[in-house]
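Chemist:
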Amino acid sequence: NILKMATNPDPTKYVDKNEVMKCQKAYLIADKQVGLVHESVQLAKTALQKNEITKRELEALTDHKVYKAVGRMFVLSKRDLKADLEAHTKDIQDEMVKYDEMMKTYKDKRDKAYQDLQNLAK
Numbered sequence: 001n002i003l004k005m006a007t008n009p010d011p012t013k014y015v016d017k018n019e020v021m022k023c024q025k026a027y028l029i030a031d032k033q034v035g036l037v038h039e040s041v042q043l044a045k046t047a048l049q050k051n052e053i054t055k056r057e058l059e060a061l062t063d064h065k066v067y068k069a070v071g072r073m074f075v076l077s078k079r080d081l082k083a084d085l086e087a088h089t090k091d092i093q094d095e096m097v098k099y100d101e102m103m104k105t106y107k108d109k110r111d112k113a114y115q116d117l118q119n120l121a122k
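Sequential numbering of the sequence shown, starting at 1, is according to the UniProt record's numbering.
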């Protein structure tokens, strides 16, 4: 698709192949980065959902001991585990803000590279 756009049917107009390759490479890199950030966002959303489920179930417990897996199992107080979940949730939310900014940047780069290819094809 990109190659077809980059070929120019008018032989009087010269299109620098290196410039086309440079634009294609920029487009492909930006597109891959968008995909990677999208995957990171999905993983962060999954982690947030896991935290919310754990917090909900933790609230339902009365005086039960709670466990957290870190290497070997150990006992935590309900309060400590809840504080740990809150901190982890905040970290994930901060990451998601960064991912949103990265996604916008990479989409802009991808769109610019696509537009450059379109301009070269004219």
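Beta carbons: idealized from backbone N, C-alpha and C, even for Gly.
Cβ of A44 within 8 Å of Cβ of Y99?
Modeler: Contact: yes.
Chemist: Determine the DSSP secondary structure at L120, reduced to helix, strand or coil.
Modeler: Here L120 sits in helix by DSSP.
Chemist: Using three-state DSSP, classify L81 as helix, strand or coil.
Modeler: Here L81 sits in helix by DSSP.
Chemist: Quick check: what's the CA-CA separation for E101 versus K90?
Modeler: Distance between the alpha carbons of E101 and K90: 17 Å.
Chemist: Is it true that the CB of V66 sits closer than 8 Å to the CB of K55?
Modeler: No, they are not a contact pair.
Chemist: Alpha carbon to alpha carbon, how far is L28 from R110?
Modeler: Spanning the two alpha carbons is a distance of roughly 8 Å.
Chemist: Can you find the residues in the same chain that come closer than 8 Å, C-beta to C-beta, to V34, ignoring five residues on each side of it along the sequence?
Modeler: Closer than 8 Å at the Cβ level, and outside the excluded window around V34, lie M103, Y106, K107, R110.
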